[in-house]
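What follows is a short report on a single structure.
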Amino acid sequence: AAPHDLEIGSAVWGKNELLHHDRKNPRQFQAILGDEFGSLTPENDMKWAELHPEPDVYDFSGADAVVAFAKANGQEVRGHTLLWHSQNPEWVTEASASWTCEEARDVLEDHVRTVVGRYAGEIYEWDVINEVMQDDWDAGGVRLRTEANPFLKACSVDPVGLIGDVFRWAHESDPEALLFMNDYNAEGINTKTDAYYELAQELLADGAPLQGFGAQAHLSLQYGFDDSMQANFERFADLGLKVAVTEADVRMPLGDDGEPTAEQIATQAERYDGLLQACLGVPACTSFTVWGFDDARSWVPGVFPEGYATIMTEDFEKKPAYFALLDGL
Ligand code: XIL
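Each number in full-length UniProt numbering comes from the position in the sequence shown (counting from 1) with 39 added on.
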């Protein structure tokens with residue numbers, strides 16, 4: 040990927056895969072992770088619930104392990120994530136019931152400065168805000184998640200003001216890192232990405248150091264491929280932002296035998312390549328990250344009634360999707 044000035048990355052759960060070895064073939068897993076990828080994203084280790092389990096307790100062990108592994112293997116790290124409605128610790132959920140906006144801001148500022156400051160100089164891109172926009176089928180349509188996100192809820196009078204400050208705190212704590220907004224269903228041009236486009240303009244007009252737009256790209260073969268992705272990336276790039284594919288996987292419903300059909304395997308390869316080409320088509324695209332590279336560790340089977348989502352089988356056999364990415368570069 041180097042000629043394209045692009046990092047190809049994978050998510051990895053540092054605590055499970057680098058510190059403890061809960062799943063099979065840890066050595067082989069680590070060898071592939073170190074060899075095949077130029078960038079790592081901690082799958083869970085930098086989320087609030089993992090990193091900040093009690094008000095005055097931080098647990099950096101998993102995140103440190105990812106950063107150390109990346110350093111040892113000459114890899115970059117994408118930080119993930121600072122403001123999200125999911126995977127927050129219980130104390131945040133409990134305390135937020137009575138937060139004023141000022142109290143919420145203090146808690147968030149302290150966390151952002153502590154975390155971003157700790158890894159300053161070691162993170163090339165941060166997903167500063169994650170999934171802050173609702174889908175249009177949610178109650179109320181596309182708008183900021185001012186109910187589900189405890190911080191945005193406490194500051195629902197001016198959620199964009201809070202978001203701008205989160206970018207400012209992060210930028211002050213690590214001026215080198217590129218600061219991203221990130222979401223799912225954000226690949227093509229749709230009502231949700233229209234809302235992000237407006238949010239980006241508002242933040243930039245307000246002088247907030249927003250520097251990137253990330254499309255997670257959790258795709259399923261149940262749905263069609265949105266070929267407006269490159270055009271979507273281009274409009275964010277035209278605002279002066281970098282763009283990235285941050286969490287790519289392509290899942291599919293499997294038959295009773297748990298196996299994909301030959302046609303599904305071929306279509307999956309096409310979809311991975313389609314995502315990569317949309318990124319390669321836009322010079323501002325800095326990174327292409329898969330959300331895990333082997334089916335044994337993929338989050339998909341635990342969450343969706345689907346599987347076979349990654350580029351390698353449970354036994355690290357390379358799928359056509361792997362070769363589609365390789366050939367597509
Ligand atoms: C997922 C992880 O892969 C799982 O291990 C965890 O249980 C839940 O979160 N969007 C995101 C990621 O931004 O952080 C999510 O990761 C997948 C969806």
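Positions of the beta carbon are idealized from the N, C-alpha and C atoms, including for glycine. Being a predicted model, the structure only gives us computed values, none of them experimental.
Whole-angstrom C-beta distance between LEU260 and GLN303, which should lie under 8 Å:
One-based indexing of the sequence shown puts residue 303 at position 264. One-based indexing of the sequence shown puts residue 260 at position 221. That pair is a contact at about 6 Å.
Determine the extent of the alpha helix (DSSP H) in which CYS318 is found, giving its start and end residues.
As a first step, residue 318 is located in the sequence shown; it is residue number 279 there, counting from the start. Counting along the chain, the alpha helix (DSSP H) containing CYS318 begins and ends at 301–319.
Report the residue from VAL131, THR285 and ALA159 whose alpha carbon sits nearest the alpha carbon of PHE252.
On the sequence shown, position 213 is the one that residue 252 refers to. Comparing alpha-carbon positions, the option among VAL131, THR285 and ALA159 lying closest to PHE252 turns out to be THR285.
By the DSSP assignment, the beta strand (DSSP E) with GLU46 in it spans what residues?
Taking the first residue of the sequence shown as position 1, residue 46 is located at position 7. Note, GLU46: beta strand (DSSP E), 46–51.
LYS281 - containing beta strand (DSSP E), residue span
Start at 1 with the first residue of the sequence shown, and residue 281 comes out as number 242. Taken as a continuous stretch (DSSP letters only), the beta strand (DSSP E) holding LYS281 covers 281–290.
Can you give me the C-alpha to C-alpha distance between ALA98 and ALA107, rounded to a whole angstrom?
For this step, residue 98 is matched to residue 59 along the sequence shown. For this step, residue 107 is matched to residue 68 along the sequence shown. It is Asp, not Ala, that sits at residue 98 in the sequence shown. C-alpha separation (whole angstroms): 15 Å.
Close-in-space but distant-in-sequence residues of the same chain around ARG62 (CB under 8 Å, 5 per side omitted):
Position 23 of the sequence shown, counted from the first residue, corresponds to residue 62. In chain order, ASN55, GLU56, PHE68, ALA335 and ARG336 place their CB closer than 8 Å to the CB of ARG62, counting only its own chain and leaving out the 5 sequence neighbours on each side.
Any chance the CB of GLU82 is under 6 Å from a heavy atom of ligand 1?
Taking the first residue of the sequence shown as 1, we reach residue 82 at position 43. Yes, ligand 1 has a heavy atom inside 6 Å of this Cβ.
Could you say which of LEU314, VAL342 and GLY320 lies nearest to VAL329 if we only look at CA atoms?
For the purposes of this step, residue 329 is identified with residue 290 of the sequence shown, where counting begins at 1. Cα-wise, what sits closest to VAL329 is LEU314.
Sorry if obvious, but does the Cβ on TRP338 come closer than 6 Å to a heavy atom of ligand 1?
Numbered from 1 along the sequence shown, position 299 holds the residue referred to as residue 338. At least one heavy atom of ligand 1 is nearer than 6 Å to the Cβ of TRP338, so yes.
Report the partner residues of LEU121 according to the DSSP bridge assignment.
Residue mapping note: residue 121 aligns to position 82 of the sequence shown, counting from 1. The partner list for LEU121 (beta bridge, DSSP) is empty, contrary to what the question assumes.
Assuming HIS257 is part of the beta strand (DSSP E), what are its boundary residues?
Position 218 of the sequence shown, counted from the start, is the residue given in the question as residue 257. Counting along the chain, HIS257 sits inside the beta strand (DSSP E) bounded by residues 257–259.
Name the two residues that bound the continuous beta strand (DSSP E) containing ASP166.
As a first step, residue 166 is located in the sequence shown; it is residue number 127 there, counting from the start. Element bounds for ASP166: 164–169.
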